[in-house]
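S.K.: The structure is given below, and queries will be raised subsequently.
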Amino acid sequence: MPPNPDRIVRIKTVLNRTGLSRSTLYRKIGEGTFPRQVKISISGAGWRESEINRWVADPVGFSNQT
245 MPPNPDRIVR IKTVLNRTGL SRSTLYRKIG EGTFPRQVKI SISGAGWRES EINRWVADPV
305 GFSNQT
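Heads up: the sequence shown begins at 245 in our numbering, then just goes up one per residue.
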């Protein structure tokens, strides 16, 4: 097991951490300026905490292409 496994956080946590609204979050995902979700079950998805931390540290410079 890795020393610091990357946690998966759900949308409520992401919205609280970023201060974004749900609609803005999904718009930014579509634009490629916010991390994409990862599927965690048939009907569930979440975000890698490390990616959210990277976005919070530099929201303007974030790109999904990196």
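The beta carbon of each residue, even a glycine, is placed where N, CA and C say it ideally should be.
1) Output the residue ranges of the alpha helix (DSSP H) runs that lie fully inside the segment 265-305 and measure 4 residues or longer, sorted by chain position.
2) For my contact list, Pro279 and Ile252 are in at a C-beta cut-off of 8 Å; report their separation, rounded to the angstrom.
3) Assign Val304 to buried or exposed, taking buried as 16 or more other Cβ atoms, counted over all protein chains shown, within 10 Å of its Cβ.
4) Look at Asn308 and Gly276 and say whether their C-beta atoms are less than 7 Å apart.
M.R.: Let me spell this out:
1) 266-275, 293-301
2) At roughly 11 Å, the Cβ-Cβ gap does not stay under 8 Å, so Pro279 and Ile252 are not in contact.
3) exposed
4) yes
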